[in-house]
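See structure below.
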Amino acid sequence: MKISTWNINGIKARLDGLLTWLEQAKPDVACLQEIKSVDEGFPSERFEELGYNVAVHGQKSFNGVAVLSKKPFDEIIKGLPGDDEDDHARYLEVVISTDSGVVRVASIYLPNGNPVDTEKFPYKLRWMDRLRDHTQDLLALEEPFVLAGDYNVIPTDDDVHAPDAWRGDALFRPETLDKFHTLLNLGLTDAYRACHFESHQYTFWDFQRGAWQKDHGIRIDHLLLSPQAADRLQGCEIDRFTRGWEKPSDHVPVWIELNTD
DNA sequence: ATGTCGATACTTTATCGA
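If you count by this note's numbering, then the first sequence holds residues 486 to 746, one letter each, in order.
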């Protein structure tokens, strides 16, 4: 079972590229972030034509997450628990049945947190605490699950072209990394790091300053696996070629192959 | 210091968020 994540930075602007990639990459489950669309504006029928079931948790202009799945959804949960006041559409969790049992998949768009001297940074940190708490609840289920998305977190110096230039950024601040490592230390596996030892493999290149041409990227899109999912991990790849397409997103797809025979 | 995108609105240019 192939499970992917891609921050597409606007579904309307990216529809053609996304459809092309889906037909080529053929993921069984595709987690999308930053759809920047309300549920009613999401072109579900275009994905249904390709054989996908569609779950959407959108909002006007900003944020918004979705999951496409070849298999039907047993369950759809919108929003990250822990704060009824939080109205950002950043979390969508689904349950899918496979031949070897259920797999739970979440599409995550973790807050960016910049600028760090505004309310945006503490909001990011609180959101990460809520994700930690929810992950603890999920781990108690002892199911295979995949938390896939744009974490807006650069895990280590090996995941950024110029670490010192990013130290003060919300994606690389010590407080951010502490919370990310706390999450991993609950027992999750960073799928890409479990499969690859190479440094400087990126999933995002800024639109500005010729970042793509100079390979000035960062690795911030991650698939974190529960122990039961990690046991079934067969591979993880970054489809960096989409960054060279016409009208690209600033992020590229990342995917895993899970053995669900 | 600046650069670039995408979405939006008291729109055809500025603002916000990234």
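All residues carry an ideal CB built from backbone N, CA and C; glycine is no exception.
Residue 726 is positioned such that its CB atom lies no closer than 7 Å to that of residue 705. A residue is called buried once 16 or more other Cβ atoms fall within 10 Å of its Cβ, and residue 607, having fewer, is exposed.
Excluding the 5 residues flanking it on each side, residue 674 has same chain C-beta neighbours closer than 6 Å at 710 and 715, in chain order. Under the 8 Å Cβ criterion, the segment 625 to 640 counts as touching the segment 581 to 597, having at least three qualifying pairs. Secondary structure in the segment 509 to 592: the beta strand (DSSP E) runs of 3 residues or longer, each lying completely within the stretch, are 514 to 518, 538 to 542, 550 to 554, 558 to 563 and 576 to 583 in chain order. Bounds of the alpha helix (DSSP H) holding residue 666 are 659 to 670.
DSSP places residue 681 in the coil class of the three-state scheme, outside both helix and strand. Judged by their CB atoms, residue 496 and residue 734 are not nearer to each other than the 7 Å cut-off. 7 Å or more divides the Cβ of residue 582 from the Cβ of residue 568. According to the DSSP assignment, residue 630 belongs to the beta strand (DSSP E) that extends over 630 to 635.
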